[in-house]
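A.B. asks: Structure below; questions to follow.
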Amino acid sequence: NWLFARHTGGAFILRIEDTDQARKVEGAVEVILESLQWLGMDWDEGPVYQSHRLDMYREYGEKLVSEGKAYYCYCSSERLDAMRQEQIRLKQPPGYDRHCRDLGHGKTGSPAAPVIRFKSPLEGKTVITDLIRGEVVFENSTLDDFVLLKSDGYPTYHLANIVDDHDMKISHVMRAEEWLSSTPRHVLLYAAFGWQPPRFAHLPMILGPDKSKLSKRHGATSINEYRDSGYLPEAMINFLSLLGWSLDDKTEIMTCEQIIKNFTIERVSKTAAVFNLAKLEWMNGVYIRNLSPQEFSVRCLPFVRRALPDAVIDEGYMQRIAPLVQERAKVLSEVPALVDFFFSDKLDYNSLLLCGKLDKGQAAEILTRSIHALEDIREWRAGDMEAGIRPLAEGLGLKAGPFFGVLRVAVTGRAASPPLFETMEVLGRERCMARLKAALQKL
RNA sequence: GGCGCAUUCGUCUAGGGGUUUAGGACGCUGCCCUCUCAAGGCAGAGAUCACCGGUUCGAAUCCGGUAUGCGCUACCA
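Residue numbers for the first sequence follow the numbering used here, beginning at 3 and rising by one.
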């Protein structure tokens with residue numbers, strides 16, 4: 003909806019459809035607003051809360067009742083439940099049996115607050131024209147008398163949506179495919195009010211790995227969780243835009259401006275898309291690598307600070323570290339684990355890791371000779387260090403790989419790290435020498 | 001059960017009668033690069049275009065049916 007509005011120059015209006023009191027969740031609206039803001043999806047009007055306009059929905063509901071197009075229903079939930087059970091037992095299509103349809107006003111002794119139901123036509127067809135799926139035909143006989151206004155005074159989605167879309171002059175209803183089978187009700191409602199319906203476009207759904215509608219049970223489904231995991235909003239937008247839409251047969255990495263410029267309903271596909279986390283991770287990595295080193299550093303800062311609360315994290319120091327891990331991170335949240343040895347001198351490794359495939363004697367020799375060579379280094383620079391150390395490997399008849407490996411573990415505490423000498427340069431002479439000597443002690 | 005929608009590599013997709021021995025991307029495998037890990041480069045495996053029938057000189061592309069999947073079937077959205 004946002005891409006479409008931006009592409010066409012229309013208005014993107016944010017509306018909060020909070021008409022279900024029973025399922026109301028504290029803070030849920032804030033999550034939605036935060037998510038949209040984080041993604042950069044700005045809105046031109048709103049947010050409009052449906053819960054603030056209950057009087058209007060009631061008026062429209064009662065208007066239909068007075069015109070004979072809707073009616074009060076006094077059936078208890080117990081009766082409705084029993085009816086449904088019976089229908090299922092008899093393999094009948096479940097649906098309201100229209101018990102109150104011809105009751106007339108006030109002709110009931112039931113004390114329960116009534117709901118308002120729509121009088122669906124008993125015969126005929128309703129045709130909807132969908133911008134993505136074409137003409138879809140529904141038999142009116144398959145539609146039951148659905149509820150418009152609940153007994154608690156709140157409207158159902160069907161009523162509120164139609165009243166609001168008309169009131170707010172909505173031109174295009176673009177929603178997930180799960181709404182397609184409700185659309186004939188909406189078309190019928192527009193007709194009952196005598197209003198021109200908007201255009202409909204039912205978008206392909208987003209699926210979980212099991213190919214069912216993506217939901218909470220599939221794990222992270224709140225955009226904010228991706229933010230907190232260190233996905234970049236620009237990567238998120240790019241990835242999401244490609245779920246059910248494509249520019250052509252090749253282009254995948256696109257700026258938001260490019261996507262807006264090229265987004266059309268014609269290129270939206272009909273088939274649901276499985277959310278492919280591995281591809282999102284790859285794409286996020288692409289975006290991380292495309293960041294300037296400074297920008298990357300700045301974005302890492304909160305993640306490193308949160309994960310390493312005991313460390314004092316200086317921005318200047320971080321700026322020197324960040325470039326060493328920029329092309330190694332797929333998400334920002336993994337950066338702390340990649341850089342923690344820069345902030346703590348307590349390295350946790352055993353001599354087995356230190357030696358690698360070499361024996362203790364060789365490892366000790368490597369450390370001793372390296373320490374000696376490094377003491378002669380005047381400028382603590384990666385290039386100078388490498389020039390001083392690399393020849394030592396040859397002297398011991400070893401390849402650079404295993405030789406450097408010992409030093410790597412001694413300096414970083416792990417077998418995989420950013421390039422050794424760049425890392426040592428950032429770490430500084432004092433700490434490196436101390437770590438090398440500590441490693442020798444360990445042997 | 002009823003109604004609806006969909007069906008191209010494991011996944012995201014291109015392609016909408018001949019340009020297709022079905023293209024790209026993720027992932028996977030191998031090689032190269034290389035101080036490790038990444039990144040990058042190259043190569044490869046992977047789709048009888050769900051199935052059956054029809055139309056046509058010719059169908060992944062058009063039509064019909066079947067199957068499968070998914071969605072809806074609430075005083076949920």
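All C-beta atoms in this analysis are idealised placements derived from N, C-alpha and C, irrespective of residue type, glycine included.
Quick one: what's got a C-beta closer than 8 Å to serine 122's C-beta in the same chain, skipping five residues either side?
C.D. replies: Closer than 8 Å at the Cβ level, and outside the excluded window around serine 122, lie Asn142, Leu145, Asp146, Asp147, Phe148, Arg187, Leu190.
A.B. asks: Grab me the residues of lysine 215's own chain with a C-beta within less than 6 Å of its C-beta, minus the 5 sequence neighbours each way, in chain order.
C.D. replies: Met207
A.B. asks: With a CB to CB cut of under 8 Å and the five nearest residues on each side skipped, what residues in its chain are close to lysine 263?
C.D. replies: His9
A.B. asks: Which one or two residues does DSSP pair with glutamate 141 in a beta bridge?
C.D. replies: Its beta-bridge partners are Lys127.
A.B. asks: According to DSSP, what are the bridge partners of phenylalanine 120?
C.D. replies: Ala72
A.B. asks: Between the region 148 to 165 and the region 13 to 32, do three or more beta carbon pairs fall short of 8 Å?
C.D. replies: yes
A.B. asks: Please go through the same chain and pick out, in chain order, the residues whose beta-carbon is closer than 6 Å to the beta-carbon of arginine 437, but skip the five residues on each side of it.
C.D. replies: Ala412, Val413
A.B. asks: Would you please state the rounded distance, in angstroms, between the beta carbons of glycine 397 and aspartate 378? I believe it to be under 8 Å.
C.D. replies: 15 Å between Cβ atoms; not a contact.
A.B. asks: Specify whether the region 234 to 254 and the region 51 to 62 touch according to this definition: at least 3 beta carbon pairs, one from each stretch, less than 8 Å apart.
C.D. replies: no
A.B. asks: Do the region 300 to 320 and the region 335 to 342 make contact, defined as three or more Cβ pairs closer than 8 Å?
C.D. replies: yes
A.B. asks: Just grab the DSSP bridge partners of alanine 275 for me.
C.D. replies: Ile208
A.B. asks: Helix or strand or just coil, what does DSSP make of alanine 203?
C.D. replies: DSSP places alanine 203 in strand when its eight states are reduced to three.
A.B. asks: Quick one: Cα of lysine 252 to Cα of alanine 72, how far?
C.D. replies: Cα to Cα, the separation comes out at about 52 Å.
A.B. asks: Restricting to Cα atoms, I'd like to know which of Ser53, Ala237, Val300, Leu279 is closest to glycine 155.
C.D. replies: Ser53
A.B. asks: Assess, as a yes-or-no matter, whether the region 311 to 320 is touched by the region 364 to 383 under the definition of 3 or more beta carbon pairs within less than 8 Å.
C.D. replies: no
A.B. asks: DSSP on methionine 256, reduced to helix/strand/coil?
C.D. replies: coil
A.B. asks: Given this structure, state the Cα-to-Cα distance separating glutamate 283 from glycine 415, to the nearest angstrom.
C.D. replies: 27 Å
A.B. asks: Label lysine 152 either buried or exposed according to how many other C-beta atoms from any shown protein chain fall within 10 Å of its C-beta, with 16 as the threshold for buried.
C.D. replies: Looking at its Cβ environment, which holds 16 or more other Cβ atoms inside 10 Å, lysine 152 is buried.
A.B. asks: In chain order, what are the residue ranges of uninterrupted beta strand (DSSP E) at least 3 long that sit wholly in the region 30 to 109?
C.D. replies: 47 to 51, 72 to 75
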